[in-house]
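Residue numbers for the sequence shown, in our numbering: 5 to 417. Presented below is the structure to which this report refers.
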Amino acid sequence: MNARWEEQKERIRNLTLSLRRRYYHEHKGESCYFSTPHGIAGNVSESIGPWPEFIFRGTFCKRTFEGCCSPCFYSQFSIDKRQKGIEYEEMIRQQYNSVIENFDEWVVKRQYGDNDYEGENLGEIAFVLTPTGSYFDEVEFPQKLRIEMLKRLEKLSHRYKIPFRLHIEAHCKDWNVMNRESKNSKEELDLLRKLNTKILFGFESADEYVRNVLYNKNIDMLEFKRAYNTVRDEKLEVGIFIFAGLFSMNNILTIEDVSRSLKFAFKERITPVLMFQNVQQYTITDILFRMGKISLIEPFTVMEIVLKLVEELEIQDENIEWLIADPKGGPPIPEFNIFDCAKVTSRECADEIYQMIHELRLSKDLEKFKKKAEKLKHTNNYKEYYAYLKEEKNINLEKHTEDLIRVAEDIVD
Numbered sequence: 005m006n007a008r009w010e011e012q013k014e015r016i017r018n019l020t021l022s023l024r025r026r027y028y029h030e031h032k033g034e035s036c037y038f039s040t041p042h043g044i045a046g047n048v049s050e051s052i053g054p055w056p057e058f059i060f061r062g063t064f065c066k067r068t069f070e071g072c073c074s075p076c077f078y079s080q081f082s083i084d085k086r087q088k089g090i091e092y093e094e095m096i097r098q099q100y101n102s103v104i105e106n107f108d109e110w111v112v113k114r115q116y117g118d119n120d121y122e123g124e125n126l127g128e129i130a131f132v133l134t135p136t137g138s139y140f141d142e143v144e145f146p147q148k149l150r151i152e153m154l155k156r157l158e159k160l161s162h163r164y165k166i167p168f169r170l171h172i173e174a175h176c177k178d179w180n181v182m183n184r185e186s187k188n189s190k191e192e193l194d195l196l197r198k199l200n201t202k203i204l205f206g207f208e209s210a211d212e213y214v215r216n217v218l219y220n221k222n223i224d225m226l227e228f229k230r231a232y233n234t235v236r237d238e239k240l241e242v243g244i245f246i247f248a249g250l251f252s253m254n255n256i257l258t259i260e261d262v263s264r265s266l267k268f269a270f271k272e273r274i275t276p277v278l279m280f281q282n283v284q285q286y287t288i289t290d291i292l293f294r295m296g297k298i299s300l301i302e303p304f305t306v307m308e309i310v311l312k313l314v315e316e317l318e319i320q321d322e323n324i325e326w327l328i329a330d331p332k333g334g335p336p337i338p339e340f341n342i343f344d345c346a347k348v349t350s351r352e353c354a355d356e357i358y359q360m361i362h363e364l365r366l367s368k369d370l371e372k373f374k375k376k377a378e379k380l381k382h383t384n385n386y387k388e389y390y391a392y393l394k395e396e397k398n399i400n401l402e403k404h405t406e407d408l409i410r411v412a413e414d415i416v417d
């Protein structure tokens, strides 16, 4: 990383930290004990796939105060009254136990799409059950609790006599430092295999500048490759989050960046999980958007990105799983989202694109999505969007980022 990148990265980090500290100052002393996780309503809009997603509440991503992940602030929990030690562990235990004890209602009957619940005809039971930050973080989710949870899930899978497909979300650094030769780790890995687990790493972009400066992920490609290769060595599946819409990137740059990242994922036979940026409070995107300095990507751009995914899938010589997170969902539900804040895409087209993506996430019917997208491409509104793309300056991303960092520094207080 060159000196200019390092300087920008540090300034983005400082802005991110300032905003997060302000949040905690304003929410000092709030109670932070939860007995159930996010996701108990079972809304598909809160999941990365056509099944429920449960995120432990009250757990804390340790990278929050490293200033990492500039568009993200999911650790919106009071820090003054955080539970610690045995009390903290009991809180996490209550949350995953609540899912296991209500498994039929919360999980089995909420299998959507082609894997819809039809009594004994269910092919598999898929779900996410993971902490806010990183599954393999020993402070956030101690191994003894992980093993306890996995044992209960494995026992439950025998009762249902249907394969489980567990999805967990982790930082590759935590996976890489795990001692996989220890007795406890071997037991844990065996349980993860029995539950057909897919480990989803935050990767965000194949581009070094986008990933480690704009997003400030702090992951180099070598440690990431080590992570996904060793996951495969353990006979587990691997996926990556690919992020669209960082604060200084326009529609064209976003489409190009996501396209490169998708190519990387398919080349390495990794499941891509598309994520779209909305506006999370107390982030750089938040303050720049509120001041009218930036716009979110257009709904038509979301459509184009999904078409890039379809295009890549069509040239593969084998089926590769893919996922799309709801492009305006939570948790937490964003105050502003792509589909409500479009500058060019009409309300009618925005609503139709969102519905198309919702249906695609459930049905996986690529042809149906393509046909509907082709129809939209013949509308006058799409022509307006195409002209808008042409008008977008062919910006120098580093210079544009520098300008926006300066604006953010001036207005953050």
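Glycine is no exception: its CB is placed at the ideal position from the N, C-alpha and C atoms. Just so we're clear, the structure is a prediction, and the values are computed from it rather than from any experiment.
Sequence-distant partners of residue 376 (beyond 5 residues in either direction) whose C-beta falls short of 6 Å from its own C-beta, in its chain, are 360.
Sequence-distant partners of residue 388 (beyond 5 residues in either direction) whose C-beta falls short of 7 Å from its own C-beta, in its chain, are 348. Close CB contacts of residue 182 within its chain, under the 7 Å cut and outside five residues either way in sequence, are with 140, 189 (chain order). In this structure, the CA atom of residue 337 is about 10 Å from the CA atom of residue 285. Comparing C-alpha distances from residue 413 to each of 301, 180, 317, 291 shows the shortest one belongs to 291. The three-state secondary structure of residue 89, taken from DSSP, is helix. Judged by their CB atoms, residue 327 and residue 370 are not nearer to each other than the 8 Å cut-off.
Non-local C-beta neighbours of residue 230 in its own chain, meaning closer than 7 Å and more than five positions away in sequence, comprise 180, ordered along the chain. With a cutoff of 8 Å on beta-carbon distance, residue 135 and residue 60 are scored as near each other.
Separation of residue 99 and residue 39 (C-alpha to C-alpha, rounded to the nearest whole angstrom) is 5 Å. In the DSSP assignment, residue 217 falls outside any alpha helix (DSSP H), carrying neither H nor E. Contact annotation: residue 127 and residue 95 have beta-carbon atoms that are not nearer than 8 Å. Taking a 10 Å sphere around the C-beta of residue 169, we find 16 or more other C-beta atoms and assign the residue as buried. In this structure, DSSP gives residue 201 a state outside helix and strand, which the three-state scheme calls coil. Residue 255 holds the alpha-carbon nearest to the alpha-carbon of residue 397 among 255, 20, 235, 203. With the rule of 3 Cβ pairs closer than 8 Å, the stretch 302–315 counts as touching the stretch 246–266. Annotation: the continuous alpha helix (DSSP H) that includes residue 234 extends over 225–237. Taking a 10 Å sphere around the C-beta of residue 242, we find 16 or more other C-beta atoms and assign the residue as buried. Separation of residue 217 and residue 13 (C-alpha to C-alpha, rounded to the nearest whole angstrom) is 5 Å. For residue 154 against residue 204, the beta-carbon gap comes to about 16 Å, at or over 8 Å, which does not count as contact. Between residue 105 and residue 115, the alpha-carbon positions lie close to 17 Å from each other. For the pair residue 177 and residue 206, the Cα-to-Cα distance works out to about 10 Å.
Annotation: residue 22 to residue 9 spans about 20 Å, alpha carbon to alpha carbon.
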